[in-house]
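Notes follow the structure.
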Amino acid sequence: MTFISIREVAPRDGLQNEDPVPAEAKVRLLDALSDTGVGRIEAVSFVHPKAIPQMADADEVWAASRHNPDVRYSALIPNTRGAQRAIAAGFREIEVVVSASDTHNRRNLNRSTAESLDDIAALIPLVHESGATLEVIVATSFGCPFEGDIDPERVAGIVARVRADGADRIAFGDTTGMATPRRVRDLLSVVHPDLLHFHNTRGTGLANILTALDLGVTEFDASAGGLGGCPYAPGASGNVATEEVVHMLHDMGIDTGIDLDRLIEAAELAEKIVGRPLPSGVLRAGPRNRTV
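Each residue of the sequence shown is one higher than the one before, counting from 57 in the working numbering.
As structure tokens, this is what we get:
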């Protein structure tokens, strides 16, 4: 049986796009997701609280959560200070973002793409010296709400630069849900990532994952209930819902190691925490084999 690895991103990428919720609620969600069988969780981000107030309590949340030894936890950081905080907290898998779109990078990080790449080059030795790995996420890989289509060769150039600088892993982010199966094929025919992060803004998330599977990608991000978006990109509504991805893959005979019933329970908890209906169809209807 084929195995597909899913990284659950609701505790960070999901909650980052919601009104701030109490640290205790974040801990409950993180712990619930840790019991679903998911192998990887993006737990927190170490950013300045003025930039992302939703993540101001990252240290508190991480310290209070129950760390399942069977789960690999990662943290997102924006700069050297964030990396130092993540390392001090004990993280050994660290992520940093750079946008393929210069405009989006300036909106998100207040610097050009080229400046961010220089920062990442200086950051990699610090991360490696601590015994951690660094994953570079290339945001707006499939399009930018400010600049439109992104040339796959531009993404390929960014990948070549960060790999040469020593990055351990590469992910492509569909930051505003502009990817379609055609765009996935166009980009992956030029350059291949280790992991893909799709949004379902325009309803193509699962189709994009199926296309990427056909092209050999075996690692994906997803978010319980479809939580998430991007605070610096207009219209960037939810990530693809983890339970929808797992439901589809399991029915195809593809293993994820995840207990779908427990995952749906975690998505229900996420919905209660944020206090609004989440967009996941599987959360609403349940799995296809659930009878009345």
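Yeah, the Cβ is synthetic: ideal placement off N, Cα and C, and Gly gets one too. Remember, it's a predicted structure, so these values are computed and weren't measured experimentally.
Review point. Out of curiosity, what's the CA-to-CA distance linking P78 and L316?
Key: Start at 1 with the first residue of the sequence shown, and residue 78 comes out as number 22. Start at 1 with the first residue of the sequence shown, and residue 316 comes out as number 260. Taking the straight line joining both Cα atoms gives about 26 Å.
Practice item. Can you say whether M308 is buried or exposed, counting buried as having 16 or more other CB atoms within 10 angstroms of its CB? Key: Against the sequence shown, residue 308 aligns to sequence position 252. So M308 ends up on the exposed side.
Point to revise | Where the alpha helix (DSSP H) containing E324 begins and where it ends | key: As a first step, residue 324 is located in the sequence shown; it is residue number 268 there, counting from the start. For E324, the enclosing alpha helix (DSSP H) begins and ends at 316 to 330.
Review point. Cβ atoms of Q110 and P67: under 8 Å apart, would you say?
Key: Counting from one through the sequence shown, the residue named residue 67 turns up at place 11. Counting from one through the sequence shown, the residue named residue 110 turns up at place 54. No; because the gap between Cβ atoms is not below 8 Å, this pair is not in contact.
**Study point:** Beta-carbon contacts of L251 that lie in its chain and below 6 Å, excluding the five residues immediately before and after
**Key:** Numbered from its first residue, the sequence shown carries residue 251 at position 195. Excluding sequence positions up to five before and after L251, its CB lies within less than 6 Å of the CB of A227, E275, all in the same chain and listed in chain order.
Review point. Just how far apart, CA to CA, sit W118 and E149?
Key: To locate residue 118, count along the sequence shown from 1; it is residue 62. To locate residue 149, count along the sequence shown from 1; it is residue 93. CA-CA distance, W118 to E149, rounds to 14 Å.
Check your understanding: DSSP beta-bridge partners for I133?
Key -> Taking the first residue of the sequence shown as position 1, residue 133 is located at position 77. BP columns for I133 point to V152.
**Study point:** Through-space distance from I314 to T92, alpha-carbon basis
**Key:** Translated into the one-based positions of the sequence shown, residue 92 becomes position 36. Translated into the one-based positions of the sequence shown, residue 314 becomes position 258. One alpha carbon belongs to T92, the other to I314, and they sit about 6 Å apart.
Check your understanding: Using 8 Å as the Cβ pair cut-off and three pairs as the minimum, do the region 184 to 193 and the region 162 to 170 touch?
Key -> The region 184 to 193 and the region 162 to 170 do not touch, with fewer than 3 CB-CB distances between them shorter than 8 Å.
Point to revise | Euclidean distance between Cα positions of E116 and P105 | key: For this step, residue 116 is matched to residue 60 along the sequence shown. For this step, residue 105 is matched to residue 49 along the sequence shown. Distance between the alpha carbons of E116 and P105: 13 Å.
Check your understanding: Going by C-alpha distance, which of E321, L305, A156, H184 is nearest L173?
Key -> As a first step, residue 173 must be located in the sequence shown, where it is residue number 117. When the alpha-carbon of L173 is set against those of E321, L305, A156, H184, the nearest one is in A156.
Exercise for review: Would you mind giving the Cβ-Cβ distance between A81 and I329, rounded to the nearest angstrom? I have them listed as a contact below 8 Å.
Suggested key: The residue you call residue 81 lines up with position 25 of the sequence shown. The residue you call residue 329 lines up with position 273 of the sequence shown. Correct: roughly 5 Å between the Cβ atoms.
Exercise for review: Taking R167 as part of the beta strand (DSSP E), name the residues at either end of that continuous run.
Suggested key: Against the sequence shown, residue 167 aligns to sequence position 111. Counting along the chain, R167 sits inside no beta strand (DSSP E), nor does DSSP assign it H or E at all.
Point to revise | Nearest residue (CA-CA) to A326, options T58, D224, D69, S61 | key: Within the sequence shown, the letter at position 270 stands for residue 326. Among T58, D224, D69, S61, the Cα nearest to that of A326 is on D69.
Review point. Leaving out five residues before and five after R344 in sequence, what residues of the same chain have Cβ atoms less than 8 Å from its Cβ?
Key: Here residue 344 is taken as the residue at index 288 of the sequence shown, counted from 1. So the list reads H303, D307, once near-sequence residues are dropped.
**Study point:** Whole-angstrom distance between V246 and E209, CA atom to CA atom
**Key:** For this step, residue 209 is matched to residue 153 along the sequence shown. For this step, residue 246 is matched to residue 190 along the sequence shown. Taking the straight line joining both Cα atoms gives about 7 Å.
Practice item. Determine the direct distance from the alpha carbon of R122 to that of D230, and round the result to whole angstroms. Key: In the sequence shown, counting from the first residue as 1, residue 230 sits at position 174. In the sequence shown, counting from the first residue as 1, residue 122 sits at position 66. Taking the straight line from one Cα to the other gives about 30 Å.
Check your understanding: Within this structure, are the beta carbons of V65 and A341 separated by less than 8 Å?
Key -> Start at 1 with the first residue of the sequence shown, and residue 65 comes out as number 9. Start at 1 with the first residue of the sequence shown, and residue 341 comes out as number 285. Against a cut-off of 8 Å, the Cβ pair of A341 and V65 comes out as no contact.
Review point. Can you tell which of V348, I310, G282 has its C-alpha closest to the C-alpha of L319?
Key: Along the sequence shown, one-based indexing puts residue 319 at 263. Answer by Cα proximity: G282.
Review point. Which residues bound the beta strand (DSSP E) around S61?
Key: Along the sequence shown, read from residue 1 onward, the residue named residue 61 stands at position 5. Here the beta strand (DSSP E) through S61 covers 61 to 64.
Practice item. Give, in chain order, every unbroken run of the alpha helix (DSSP H) that is at least 4 residues long and sits entirely within the region 66 to 116. Key: Secondary structure remark: continuous alpha helix (DSSP H) runs of at least 4 residues inside the region 66 to 116, in chain order: 79 to 90.
Practice item. Could I get the ranges of all uninterrupted alpha helix (DSSP H) runs contained in the region 230 to 309, with 4 residues as the minimum, in chain order? Key: Annotation note: the region 230 to 309 contains the following uninterrupted alpha helix (DSSP H) runs of length 4 or greater, listed N- to C-terminal: 237 to 244, 261 to 270, 298 to 307.
Point to revise | Terminal residues of the alpha helix (DSSP H) in which V127 lies | key: Stepping through the sequence shown from its first residue, residue 127 is reached at position 71. Going by DSSP, V127 is part of no alpha helix (DSSP H) at all; its letter is neither H nor E.
Review point. In three-state terms, what does DSSP make of I176?
Key: Locating residue 176 in the sequence shown gives position 120, where the first residue counts as 1. Helix at I176.
**Study point:** Segment contact, 8 Å Cβ cut-off, at least three pairs: the region 254 to 269 with the region 212 to 221
**Key:** Note that the region 254 to 269 does not touch the region 212 to 221; fewer than 3 beta-carbon pairs, one per stretch, sit closer than 8 Å.
Practice item. For L190, name the three-state secondary structure that DSSP assigns. Key: Position 134 of the sequence shown, counted from the start, is the residue given in the question as residue 190. Judged by DSSP in its simplified three-state form, L190 adopts strand.
Check your understanding: Rounded to a whole number of angstroms, what is the C-alpha to C-alpha distance between H253 and G284?
Key -> Position 197 of the sequence shown, counting from 1, holds the residue named residue 253. Position 228 of the sequence shown, counting from 1, holds the residue named residue 284. If you take the alpha carbons of H253 and G284, they lie about 11 Å apart.
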